[in-house]
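*Asks:* For reference, each letter of the sequence shown is one residue, going -16 to -1, 1 to 199 in mature numbering (1 follows the signal peptide of the UniProt record, and there is no 0).
Let me begin by handing over the structure; questions about it come next.
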Amino acid sequence: MKIHAAALILASVVSAHYVFPSVTYNGKTTNDWEVVRKTTNFQSNGPVTDVTSSQMTCYQLAPGNEGATVLDVTAGSTIGYNAKASISHPGPINFYMAKAPSGTSITNWDGSGKNWFKIYSDGPTVTSSGLTWPTNGKATVNVQIPKCIENGDYFLRVEHIALHSASSVGGAQLYISCTQLRVTGGTGTYKPNLMSFPGAYSPNDPGLVLLGVML
């Protein structure tokens, strides 16, 4: 009986977590881990909690050697990341991209270095009773591939930051995945400021530690 109770507790914890194993593009949903780099949490659904860890890049199970295929997309089009089962915690969603270095295939690049730029972030609506998060309960989150980027091979990185336990340093939970894209149709006019993962965040950043905030 004790074993059964423990199993139920574990199942409830895992079900509250999530992964982003597939994407939907032009009405077609890929298989899990077909174009998305397989993440370390593919079984546990657990988050990254150390923002200084190398797992912040893509949370990859086998960095630079996973074998996912590449999805052809057009700059200016919309792609959706699918959560399994749904986004069940309050917090912002962020999307970043990184262009593979010249002469390097996206299929064996690990995404390290100062190559990342943000393309979208979705925060809360503030009300008298607290914060309302637009992603809460969603199974798919969409983002537009910028029209102004250069053509080439990219990672598209989704990052949901769950803040329900973020009352102290290390309490924020980050759910991360990277999709391998080949972008065409871009104008190449955008010259973004680049950052690295890890490196973009510090453990004490205000957006990662919340004191006295009603979620």
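Backbone N, C-alpha and C fix where the C-beta goes; we use that ideal spot for every residue, glycine too.
Can you confirm whether the segment 146 to 161 touches the segment 82 to 97 when touching is taken to mean that 3 or more C-beta pairs between the two stretches lie within less than 8 angstroms?
*Replies:* The way I'd put it, the segment 82 to 97 doesn't touch the segment 146 to 161; fewer than three beta-carbon pairs between them come closer than 8 angstroms.
*Asks:* Would you report the Cα separation of valine 19 and proline 190, rounded to the nearest angstrom?
*Replies:* 33 angstroms
*Asks:* Check whether the segment 90 to 104 touches the segment 131 to 139, taking contact to mean three or more Cβ pairs, one atom from each stretch, closer than 8 angstroms.
*Replies:* Yes: at least three Cβ pairs fall under 8 angstroms.
*Asks:* Taking contact to mean 3 or more Cβ pairs, one atom from each stretch, closer than 8 angstroms, check whether the segment 32 to 45 and the segment 5 to 22 are in contact.
*Replies:* yes
*Asks:* Does DSSP put isoleucine 71 in a helix, in a strand, or in coil?
*Replies:* Isoleucine 71: coil per DSSP, three-state reduction.
*Asks:* Between Gly169, His73, Gln157, Ser37, which has its C-alpha nearest proline 182's C-alpha?
*Replies:* Ser37
*Asks:* Does the distance from the C-beta atom of histidine 1 to that of glycine 30 stay below 8 angstroms?
*Replies:* Cβ atoms of histidine 1 and glycine 30: closer than 8 angstroms.
*Asks:* Of the residues Met81, Thr53, Phe4, Leu55, which one's Cα is nearest the Cα of asparagine 177?
*Replies:* Met81
*Asks:* Output needed for leucine -9: all residues of its chain with C-beta closer than 7 angstroms, excluding positions within five of it in sequence on either side, in chain order.
*Replies:* Low confidence applies here, because leucine -9 scores a pLDDT of 34, under 50, leaving its location unreliable; read the following figure in that light. Within the same chain, leucine -9 has no close Cβ partners at all.
*Asks:* Is it true that the CB of threonine 119 sits closer than 8 angstroms to the CB of glycine 64?
*Replies:* No.
*Asks:* Could you check where the beta strand (DSSP E) with valine 125 kicks off and where it finishes?
*Replies:* 124 to 128
*Asks:* How many angstroms separate the CA atom of lysine 131 from the CA atom of aspartate 56?
*Replies:* 14 angstroms
*Asks:* Please list, in chain order, all residues of the same chain as threonine 163 whose beta carbon is under 6 angstroms from its beta carbon, the five residues on each side excluded.
*Replies:* Sequence-distant Cβ neighbours of threonine 163 in its own chain, meaning closer than 6 angstroms and more than five residues away, are Val7, Val19, Val20, Leu140.
*Asks:* Any idea what DSSP makes of glutamine 27, helix, strand or coil?
*Replies:* coil
*Asks:* For serine 28 and asparagine 78, what's the separation of their Cα atoms in angstroms?
*Replies:* Going from the Cα of serine 28 to the Cα of asparagine 78 covers about 22 angstroms.
*Asks:* Anyone know if the C-beta pair for tryptophan 117 and glycine 75 falls short of 8 angstroms?
*Replies:* It is a contact, given that the beta carbons lie within the stated cut-off.
*Asks:* Determine the burial state of alanine 69: buried for a count of at least 16 other Cβ atoms within 10 Å of its Cβ, exposed for fewer.
*Replies:* exposed
*Asks:* If distances are taken between C-alpha atoms only, which option among Phe101, Ile145, Trp100 comes closest to valine 32?
*Replies:* Checking every option, the nearest Cα to that of valine 32 belongs to Ile145.
*Asks:* Excluding the 5 residues preceding and the 5 following asparagine 66 in the sequence, name in chain order all residues of the same chain whose CB lies nearer than 8 angstroms to its CB.
*Replies:* Excluding sequence neighbours, asparagine 66 sits near Phe4, Pro5, Ser6, Val7, Thr8, Thr13, Ala123, Thr124.
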